[in-house]
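Engineer:
Protein chains in written order, with my numbering: chain A, 2 to 112; chain B, 434 to 549.
#1: Closer than 7 Å by C-beta to residue 451 of chain B: which residues in its own chain qualify, once you throw out the five before and the five after it? Chain order, please.
#2: Residue 84 of chain A by DSSP, collapsed to three states: which one?
#3: Am I right that residue 103 of chain A and residue 476 of chain B are in contact with their C-beta atoms under 8 Å? What's the rounded C-beta distance?
#4: Could you tell me which residues DSSP pairs with residue 15 of chain A in its beta bridges?
#5: Please compile the residues from chain B whose C-beta is within a distance smaller than 7 Å of the C-beta of residue 4 of chain A.
#6: Which residue's Cα is closest to the Cα of residue 71 of chain A: A:79, A:30, A:51 and A:78?
#7: Is the separation between the beta-carbon of residue 490 of chain B and that of residue 467 of chain B shorter than 8 Å?
#8: Can you tell me which of A:12, A:63 and A:16 puts its alpha carbon nearest to the alpha carbon of residue 54 of chain A?
#9: Under a CB-based cut-off of 8 Å, is residue 41 of chain A close to chain B?
#10: Rounded to whole angstroms, how far is the Cβ of residue 88 of chain A from the Cβ of residue 108 of chain A, which I believe are closer than 8 Å?
#11: Pull out every residue of the region 95 to 112 of chain A whose Cβ sits closer than 9 Å to any Cβ of chain B, in chain order.
#12: Count the CB pairs spanning the region 82 to 98 of chain A and the region 29 to 45 of chain A that are closer than 8 Å, and state whether there are at least three.
#13: How should residue 28 of chain A be labelled, buried or exposed, when 16 other C-beta atoms within 10 angstroms of its C-beta is the threshold for buried?
#14: Which of the three DSSP states is assigned to residue 520 of chain B in this structure?
#15: Just how far apart, CA to CA, sit residue 474 of chain B and residue 85 of chain A?
#16: If I follow the unbroken beta strand (DSSP E) through residue 503 of chain B, where does it start and stop?
#17: Within 10 angstroms of the Cβ of residue 65 of chain A, are there 16 or more other Cβ atoms? Answer buried if so, exposed if not.
#18: Please report how far the alpha carbon of residue 101 of chain A lies from the alpha carbon of residue 3 of chain A, in whole angstroms.
#19: Is there a Cβ from chain A that is less than 8 Å from the Cβ of residue 502 of chain B?
#20: Between the Cα of residue 38 of chain A and the Cα atoms of A:67, A:83 and A:99, which residue gives the shortest distance?
#21: Taking residue 438 of chain B as part of the beta strand (DSSP E), name the residues at either end of that continuous run.
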């Protein structure tokens with residue numbers, strides 16, 4: 002099935018550092034979402050973006066919907082140990098309601 | 434609000450048997466439910482979309498006779514893996530979309546299926 006390109010694939014960072022990850026697609030999406038998944042659990046929604054150029058924050062997390070509608074970015078500021086997990090982007094095309102997930106970014110935070 | 438319960442969380446079954454996984458929306462009516470499969474260290478791959486009262490729509494490459502989906506009510510969808518084989522071992526996750534809800538669907542906690 003189709004997947005979105007997400008980078009980096011994995012990151013090892015020190016506690017307190019900022020983190021950036023992005024997701025790119027060859028197709029246009031009308032909605033971008035960012036999820037976090039802990040081991041053995043389902044994904045949990047972090048941020049939803051509905052408009053090109055939109056910049057939305059949720060605590061230390063900030064995500065942007067790219068102007069071209071083919072990409073999105075997620076930033077985490079001042080990382081803490083509980084930020085560890087796998088982060089997935091997901092794009093949604095208008096009318097289908099189906100998600101296309103990114104390949105995931107595995108984040109590890111060193112205390 | 435918007436809680437999705439998935440059961441069981443883990444199941445081990447013998448090769449050749451069938452396994453049923455339930456996905457329930459606890460505090461909202463789910464007009465559409467989605468079933469995903471996730472292999473270790475990989476992303477979620479959509480298997481099928483089910484709308485209440487109608488047949489599920491399967492993604493290309495997913496065998497509809499092997500993965501039976503029933504969405505008989507607005508709060509319950511089931512996925513039955515028939516004649517399971519070891520290669521069906523995976524993490525299965527459902528998500529649910531309610532009426533009047535944006536695109537931020539709620540996911541269940543997943544079911545780890547191991548076929549021995």
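Cβ coordinates follow ideal geometry from the N, Cα and C atoms, glycine included. Note that the structure is predicted; figures quoted are calculated from it, not measured.
Structural biologist: The structure says:
#1: The sequence position of residue 451 of chain B within the second chain is 18, counting from 1. Correct list, in chain order: 513, 514, 515, 516 and 517.
#2: Residue 84 of chain A sits at position 83 when you count from the first residue of the first chain. Three-state result, residue 84 of chain A: helix.
#3: Walking along the first chain from the start, residue 103 of chain A turns up at place 102. Walking along the second chain from the start, residue 476 of chain B turns up at place 43. Residue 103 of chain A to residue 476 of chain B, Cβ: 7 Å. Contact.
#4: Here residue 15 of chain A refers to the residue found at position 14 when the first chain is read from its first residue. According to DSSP, which records beta bridges pairwise, residue 15 of chain A is partnered with A:111.
#5: Along the first chain, one-based indexing puts residue 4 of chain A at 3. The answer, in chain order, is 476.
#6: As a first step, residue 71 of chain A must be located in the first chain, where it is residue number 70. That would be A:30, whose Cα lies nearest to the Cα of residue 71 of chain A.
#7: The sequence position of residue 490 of chain B within the second chain is 57, counting from 1. The sequence position of residue 467 of chain B within the second chain is 34, counting from 1. Not a contact, by the Cβ cut-off of 8 Å.
#8: The count along the first chain starts at 1 and reaches residue 54 of chain A at position 53. Nearest of A:12, A:63 and A:16 to residue 54 of chain A, Cα basis: A:63.
#9: For the purposes of this step, residue 41 of chain A is taken as the residue at position 40 of the first chain. Yes, residue 41 of chain A lies at the interface with chain B (some Cβ there is under 8 Å from its Cβ).
#10: Numbered from 1 along the first chain, position 87 holds the residue referred to as residue 88 of chain A. Numbered from 1 along the first chain, position 107 holds the residue referred to as residue 108 of chain A. So it is a contact: roughly 6 Å between Cβ atoms.
#11: For the region 95 to 112 of chain A, the beta-carbon criterion of a distance under 9 Å to any beta-carbon of chain B is satisfied by 97, 98, 99, 100, 101, 102, 103, 104, 105 and 107.
#12: yes
#13: Residue mapping note: residue 28 of chain A aligns to position 27 of the first chain, counting from 1. The residue in question, residue 28 of chain A, is exposed, as its Cβ has fewer than 16 Cβ neighbours within 10 Å.
#14: Taking the first residue of the second chain as position 1, residue 520 of chain B is located at position 87. Helix.
#15: Translated into the one-based positions of the second chain, residue 474 of chain B becomes position 41. Translated into the one-based positions of the first chain, residue 85 of chain A becomes position 84. When rounded, the distance between both Cα atoms is 15 Å.
#16: Here residue 503 of chain B refers to the residue found at position 70 of the second chain. 500 to 506 is the extent of the beta strand (DSSP E) around residue 503 of chain B.
#17: Numbered from 1 along the first chain, position 64 holds the residue referred to as residue 65 of chain A. Result: buried.
#18: Within the first chain, residue 101 of chain A is the residue found at index 100, counting from 1. Within the first chain, residue 3 of chain A is the residue found at index 2, counting from 1. Each residue's Cα considered, the two are about 7 Å apart.
#19: Within the second chain, numbered from 1, the residue matching residue 502 of chain B stands at position 69. No, residue 502 of chain B does not count as interfacial toward chain A.
#20: Translated into positions along the first chain, residue 38 of chain A becomes position 37. When each option's Cα is compared against that of residue 38 of chain A, the closest is A:83.
#21: Residue 438 of chain B sits at position 5 when you count from the first residue of the second chain. 437 to 440 is the span of the beta strand (DSSP E), which, as asked, contains residue 438 of chain B.
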